[in-house]
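Novice:
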Amino acid sequence: MPWRHKTHEERLEILVSQFFDQLALDTRKLNARIDNIEVTLLSKVDDLFVKFKKSEDLRVKEAEANEERFKKIEEEQERHLKSAQDNAINTRALLKQITNSNKDYDAKIVALSDNNVNLGSRIDKFEDRLYEEQRRVGDLSYQQNMFHETLSEGPILAAGNDELDPRDKHGWSPCSGKGFGSISQDDLRRIQSKTEGIDESI
1 MPWRHKTHEE RLEILVSQFF DQLALDTRKL NARIDNIEVT LLSKVDDLFV
51 KFKKSEDLRV KEAEANEERF KKIEEEQERH LKSAQDNAIN TRALLKQITN
101 SNKDYDAKIV ALSDNNVNLG SRIDKFEDRL YEEQRRVGDL SYQQNMFHET
151 LSEGPILAAG NDELDPRDKH GWSPCSGKGF GSISQDDLRR IQSKTEGIDE
201 SI
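Per the UniProt record's numbering: the sequence shown = residues 1 to 202.
1. Between the C-alpha atoms of N36 and K61, what's the straight-line distance to the nearest angstrom?
2. What is the rounded straight-line gap between the Cα of G138 and the Cα of G120?
3. So, with DSSP's three-state summary, where would you put L150?
4. Roughly how many angstroms separate the alpha carbons of L12 and T27, rounded to a whole number?
5. Could you compute how far the alpha carbon of R79 sits from the alpha carbon of L94?
6. Is T40 helix, strand or coil by DSSP?
7. What did DSSP end up calling T7 once you bin it into helix, strand or coil?
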């Protein structure tokens, strides 16, 4: 039936029916769009969760790596501190050893100085003894020379003096004017032996 032949109630019912049909269609479209939006949102939420999870895992790994680095740094600092303490101990021990060595060196220097003084004193005494021995050797050499000269003059004196003891073949008397009349051959040998011994010691 054409629209113009319908009554007002029929027209109203048709309009209401069309309205509800359009409303249902719009509702379906809206629901479809909502579903699409929900799917999109869920997908984005999933992506965000995955990204957050990855970021969280990365932060955890970075935190663990930083903690490991901090631990290594602390261990290295402890090693450096221990090494510094050991170096300080070794340095103090070395300084103590050097101090003791210096004390020993000073003591040795003092001892050497004392030894030098003693050695100088001994050298002076030795020089004095050497001078005395040289003087004695000179005196003995002079006496020996005089004795030899006297011996060499003995036969001449004996030949010119008839009052000499005929038992003395060298012409010596116990009271010779040369002062050597009392020296025997044994005395001469002893003097020569003593003179030779002094010469060898010098």
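Ideal placement from N, C-alpha and C gives every residue a C-beta, glycine not left out.
Specialist: Taking the geometry as given:
1. 37 Å
2. 26 Å
3. The residue asked about is misnamed: residue 150 is Thr in this sequence, not Leu. The answer is helix: DSSP assigns T150 an H, G or I state.
4. 22 Å
5. 22 Å
6. helix
7. coil
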